[in-house]
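Down below is the structure, laid out as structure tokens.
There are 2 protein chains.
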Amino acid sequence: MQRTDFSKMACSIARTLDVIGEPWSPLVLRDVWAGLNRFEQLQADLGISRKVLTERLNHLVDQGVLERRPYDRRPRHEYVLTEKGADLVDLLMVMTRWGDKWLAGETGPPVLYRHHTCGEFSGVDLRCAHCGEPMHANDVDPLPGPGATA
Amino acid sequence: MQRTDFSKMACSIARTLDVIGEPWSPLVLRDVWAGLNRFEQLQADLGISRKVLTERLNHLVDQGVLERRPYDRRPRHEYVLTEKGADLVDLLMVMTRWGDKWLAGETGPPVLYRHHTCGEFSGVDLRCAHCGEPMHANDVDPLPGPGATA
DNA sequence: AACGTCAGTTCCCTAAGGGAACCCCGATTG
DNA sequence: CAATCGGGGTTCCCTTAGGGAACTGACGTT
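If you read the protein sequences in the order shown, they are chains G and C. Note that the first sequence ends on residue 150 in this note's numbering; no numbers are left out. Note that the second sequence ends on residue 150 in this note's numbering; no numbers are left out.
Pasting the structure below:
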């Protein structure tokens with residue numbers, strides 16, 4: 001429902017949620033990333049209601065995460081990731097890793113990712129963008145930044 | 001609303017959404033991580049309805065992401081991250097980085113994170129857990145894994 | 001001219017969020 | 001020992017958003 005508006009909060013997490021925090025949005029992004037670019041494909045694969053799919057796609061396009069482009073002279077479009085949207089795939093990869101670790105159980109992960117660079121099936125690991133060492137929950141101190149208390 | 005059940009899908013992203021995909025959940029997690037551990041603190045800081053906060057906390061406890069522990073002989077509790085929950089902070093840090101990059105605008109990020117190891121203000125970067133090289137949207141091929149098609 | 005396809009729209013029904021008031025329990029106060 | 005307080009929820013009502021199925025509109029094709 002989320003009637004509360006997260007976009008005005010002085011928090012990058014809240015603002016990000018305003019873009020992809022609604023139900024289905026991350027799954028729509030996942031599918032588009034995986035090459036399901038058309039309305040009918042997305043609707044069939046997700047089982048989402050057409051109404052909600054329309055709303056989500058419009059929102060993601062408005063936010064500059066997806067781009068709607070015609071692929072025919074008939075009114076047909078497909079949705080592709082913008083650079084901003086491709087950057088969001090980082091988030092999907094971290095979700096995948098967490099789900100693989102904590103929720104996959106005995107059967108193992110449903111999807112594997114092969115890293116082009118090394119050729120191995122692997123997941124992501126978080127590193128400090130500055131020094132390259134691991135960076136997780138207990139490795140950082142949060143402090144107010146320039147855009148604080150909006 | 002999310003009446004559709006994501007937990008049964010053969011996708012670690014969908015399963016993860018079942019745990020923290022509901023509105024407010026990531027913000028609750030952020031606050032608990034930041035040291036706001038009690039019901040009243042969370043309610044006041046977030047402005048969330050008490051009803052929904054109760055629901056979210058129960059769900060996060062049920063999922064093993066938070067632990068409810070008494071801090072007084074009166075019926076008083078506080079919520080703390082489990083190991084499973086601390087691992088989810090990775091997700092928050094990636095959201096922070098994305099929001100900082102794409103949504104913060106002129107004023108700059110509202111919160112900065114100092115990395116203990118190097119002492120610098122920095123964000124996270126994604127690396128392959130196997131070879132240590134960068135790993136982003138276009139660096140991987142998805143393939144069916146052992147737990148596919150549940 | 002009839003038909004098919006993609007990409008939505010419309011409508012109704014139910015379920016979930018917002019908000020405010022209320023409640024319970026143990027500790028403190030007079 | 002009754003009155004009060006404060007944390008941590010419940011309950012109730014209202015509004016909004018999701019699910020599902022039917023309908024529409026703009027093109028092509030036969």
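By construction, the Cβ of each residue, glycine as well, lies at the ideal position given by its N, Cα and C atoms.
Query                                                                                                                 : Result
Segment limits, beta strand (DSSP E) that includes PRO144 of chain G                                                  : 140 to 144
Inter-residue spacing [alpha-carbon to alpha-carbon] between ILE48 of chain G and ARG73 of chain C                    : 48 Å
Endpoints, the alpha helix (DSSP H) within which ARG76 of chain C is located                                          : Taken as a continuous stretch (DSSP letters only), ARG76 of chain C belongs to no alpha helix (DSSP H), as it is neither H nor E.
Buried or exposed (CB count within 10 angstroms, at least 16 for buried), GLY119 of chain G                           : exposed
Close beta carbons around HIS77 of chain C, own chain, < 8 Å, minus the five adjacent residues each side              : ARG38, PHE39, ARG68, ARG69, PRO70 and TYR71
Per-residue contacts from HIS115 of chain G into chain C (C-beta, under 8 Å)                                          : CYS128, HIS130, CYS131, GLU133, MET135, ASP139 and VAL140
Buried versus exposed, by CB contacts within 10 Å (16 or more), GLU22 of chain G                                      : buried
Any C-beta of chain C under 8 Å from that of ASP100 of chain G                                                        : yes
Minimum length 3: unbroken beta strand (DSSP E) runs contained in the segment 16 to 43 of chain G                     : none
N-terminal and C-terminal residue of the alpha helix (DSSP H) that VAL89 of chain G is part of                        : 83 to 102
Rounded straight-line distance, which links the Cα of ALA10 of chain C to that of ARG30 of chain G                    : 13 Å
CA-to-CA distance, ALA14 of chain C to LEU27 of chain G, given in whole angstroms                                     : 7 Å
Beta-carbon proximity list for LEU66 of chain G, same chain, < 6 Å, skipping 5 on both sides                          : LEU60, TYR79 and GLY85
Coil, strand or helix - ARG69 of chain C by DSSP                                                                      : strand
Distance, TYR113 of chain C Cα to GLY145 of chain G Cα                                                                : 9 Å
Contact with chain G by VAL28 of chain C, beta-carbon distance below 8 Å                                              : no
Residue range of the unbroken beta strand (DSSP E) whose run includes HIS115 of chain G                               : 111 to 115
7 Å Cβ shell around GLY64 of chain C - same chain, five flanking residues per side excluded                           : THR82 and LYS84
Endpoints, beta strand (DSSP E) assigned at ARG56 of chain C                                                          : Where ARG56 of chain C is concerned, there is no enclosing beta strand (DSSP E), although the alpha helix (DSSP H) it sits in stretches over 50 to 62.
Closest residue to LEU92 of chain C among G:ASN138, G:LEU53, G:LEU36 and G:THR117 (Cα-Cα distance)                    : G:ASN138
Partner residues on chain C for THR82 of chain G, Cβ-Cβ distance less than 8 Å                                        : Chain C residues near THR82 of chain G: none, gap ~10 Å exceeds 8 Å.
Cβ-based neighbour list, ARG127 of chain C, same chain, cut-off 7 Å, excluding 5 preceding and 5 following            : GLU133, PRO134 and MET135
Contact list for the segment 4 to 15 of chain C against chain G, Cβ threshold 9 Å                                     : THR4, PHE6, SER7, MET9, ALA10, CYS11, SER12, ILE13, ALA14 and ARG15
PHE6 of chain G, DSSP secondary structure in three states                                                             : coil
N- and C-terminal bounds of the beta strand (DSSP E) containing CYS128 of chain C                                     : 124 to 128
Pick from C:LEU143, C:HIS115, C:VAL111 and C:PRO142 that is closest to GLY147 of chain G, judged by C-alpha positions : C:VAL111
ALA150 of chain G (DSSP reduced to helix, strand or coil)                                                             : Model confidence at ALA150 of chain G stands at a pLDDT of 48, short of 50, so the residue's coordinates are unreliable and nothing is read from them.
Within chain C, the residues that GLU120 of chain G reaches when beta carbons sit closer than 8 Å                     : CYS128, HIS130 and CYS131
Chain G contacts made by the segment 32 to 53 of chain C, where a contact means CB separation under 8 Å               : TRP33, ALA34, GLY47 and ILE48
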